[in-house]
Amino acid sequence: MIACLRALALTAAAALICPLTLSAAAQGIPASMLGKEAKQFFGAARTGSRQTPAPFGGYAKGCISGGVQLPQTGPTWQAMRLSRNRNWGHPQLVDFVADLSAKAARLPGWNGLYVGDLSQPRGGPMLSGHRSHQIGLDADIWLMPPSRLNHTIRDRENLSAVSMRRANGAYVNSGWTRSQHELLKAAASDPRVARIFIFPGAKVQMCNDETGNRDWLRKIRPWWGHHYHFHVRLACPKGARGCVDQAPPPPGDGCADAQQWVNNILNPPKPKPRDPNAPKPKPKRELTMADLPQQCVNVLQSQ
Ligand SMILES: [Zn+2]
23 MIACLRALAL
33 TAAAALICPL
43 TLSAAAQGIP
53 ASMLGKEAKQ
63 FFGAARTGSR
73 QTPAPFGGYA
83 KGCISGGVQL
93 PQTGPTWQAM
103 RLSRNRNWGH
113 PQLVDFVADL
123 SAKAARLPGW
133 NGLYVGDLSQ
143 PRGGPMLSGH
153 RSHQIGLDAD
163 IWLMPPSRLN
173 HTIRDRENLS
183 AVSMRRANGA
193 YVNSGWTRSQ
203 HELLKAAASD
213 PRVARIFIFP
223 GAKVQMCNDE
233 TGNRDWLRKI
243 RPWWGHHYHF
253 HVRLACPKGA
263 RGCVDQAPPP
273 PGDGCADAQQ
283 WVNNILNPPK
293 PKPRDPNAPK
303 PKPKRELTMA
313 DLPQQCVNVL
323 QSQ
């Protein structure tokens, strides 16, 4: 190991011989974490780190220091599936969810929000589920209006979410009302929000129903799944160095794009013939600490 490090100092060619040592040494990754799945470490953290709140890395490859917990129950929300311990995030995300839930409570028939996954206490990759939600800036919000906001912890494990889609996501079903439209509009109009993911049929429905300003529709992005909940992604907070924003959505309201997506659901294009000589796609590798920003070791090791 020492010889390897010394060689590294002398010649770049040595990096080819011991690349793991190079990145591990450069990032200060302790031996106990080397080569292991990062999700095991982040999945085991029970609380946020006692540090200044700061996202590090990108939405699908990063972590967060100083994560704070969305209270399990607030005046206008309840966090669901508490056993997952994923109601953590950057303070801006927690504020955003509280603010949006207050707006939801003013919609007819709604008294607030059921809130799904935010991030783990220190962010990072998860043992199950999402690829993103890693830097405390993503939140899943249920699309069904809460019947009440005094569910027990057990209820919140078991209560079924209601899907809002029909025909594989090409259309909304009868659960969808103007209230979801207004809720999504309020979320997308919030300057903290970078984009929102929802199934394509919902985007097209909102495109058809909106008669006023359409600017907010730009942030609504059609995506697979997302018919039980929509997914809000905040932009990196001001001054958060080390936080990597996603490129903004293309200009315009994106409605033609969403309609094309729906058309493809209804009339799937013929799959392209597979090139028999094409190399097999590589299976996705689990992230290790060496894949994450170097601050993430410190985030895990902090009190
Ligand atoms: Zn999500």
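To convert, take the position in the sequence shown, counting from 1, and add 22; that gives the numbering used here.
By construction, the Cβ of each residue, glycine as well, lies at the ideal position given by its N, Cα and C atoms.
None of the values given here were measured: they were computed from a predicted structure.
1) Do the stretch 250-263 and the stretch 160-167 meet, that is, are 3 or more Cβ pairs less than 8 Å apart?
2) Quick one: residues in its chain with C-beta nearer than 7 Å to the C-beta of residue 310, no 5 flanking neighbours on either side, listed in chain order?
3) Residue range of the alpha helix (DSSP H) that residue 87 falls in?
4) Given a threshold of 16 other Cβ atoms within 10 Å of its Cβ, counted over all protein chains shown, does residue 275 qualify as buried or as exposed?
5) Is the closest heavy atom of ligand 1 to the C-beta of residue 253 under 7 Å?
6) Distance, Cα to Cα, residue 246 vs residue 224?
7) Could you check what DSSP says for residue 258 in three-state terms: helix, strand or coil?
8) What's the C-alpha gap between residue 155 and residue 114?
9) With hydrogens ignored, establish whether the beta-carbon of residue 249 is closer than 7 Å to any heavy atom of ligand 1.
10) Put residue 194 into one of helix, strand or coil per three-state DSSP.
11) Quick one: what's residue 251 bridged to in DSSP?
12) Could you check the C-alpha separation between residue 43 and residue 290 for me, to the nearest Å?
13) Using 8 Å for Cβ pairs, my map puts residue 6 next to residue 143. What's the rounded Cβ distance?
14) My assumption, with CB atoms under 8 Å, is that residue 89 sits in contact with residue 141. Please give the rounded CB distance.
15) Buried or exposed: where does residue 174 fall if 16 or more other Cβ atoms within 10 Å of its Cβ makes it buried?
16) Would you identify the three-state DSSP class for residue 300, choosing helix, strand or coil?
17) Considering only heavy atoms of ligand 1, does any lie closer than 7 Å to the CB of residue 112?
18) Is the beta carbon of residue 242 less than 8 Å from the beta carbon of residue 228?
19) Can you tell me where the beta strand (DSSP E) with residue 101 in it begins and where it stops?
20) Going by DSSP in three states, residue 156 sits in which element: helix, strand or coil?
21) Report buried or exposed for residue 139, applying the criterion of at least 16 other Cβ atoms within 10 angstroms of its Cβ.
22) Quick one: is the Cβ of residue 152 within less than 7 Å of any heavy atom of ligand 1?
23) Please classify residue 226: is it buried, with 16 or more other beta-carbons within 10 angstroms of its beta-carbon, or exposed?
24) With a threshold of 16 other CB atoms inside 10 Å of the CB of residue 24, please say whether the residue is buried or exposed.
25) For residue 201, name the three-state secondary structure that DSSP assigns.
26) DSSP on residue 123, reduced to helix/strand/coil?
27) Please determine, among 177, 106, 125 and 75, the residue with the shortest C-alpha to C-alpha distance to residue 148.
28) Exposed or buried, which one is residue 191 when buried takes at least 16 other CB atoms within 10 Å?
29) Given residue 262, which residues of its chain have a CB within under 7 Å of its CB, disregarding the five upstream and five downstream residues?
On the basis of the data shown:
1) yes
2) 57, 58, 59 and 60
3) No alpha helix (DSSP H) holds residue 87; the beta strand (DSSP E) holding it covers 83-87.
4) buried
5) yes
6) 12 Å
7) coil
8) 14 Å
9) no
10) strand
11) 164
12) Only weak support exists for where residue 43 lies, its pLDDT of 46 falling under 50; the coordinates are left without a value.
13) With the chain covering 23 to 325 only, the question about residue 6 has no answer from this structure.
14) 7 Å
15) exposed
16) coil
17) no
18) yes
19) 99-101
20) coil
21) buried
22) yes
23) buried
24) Low local confidence applies: a pLDDT of 40 at residue 24 is under 50, so the model's placement there is unreliable, with the coordinate-based value given in what follows. By the neighbour-count rule (16 or more Cβ atoms within 10 Å), residue 24 is not buried but exposed.
25) helix
26) helix
27) 106
28) buried
29) 76 and 77
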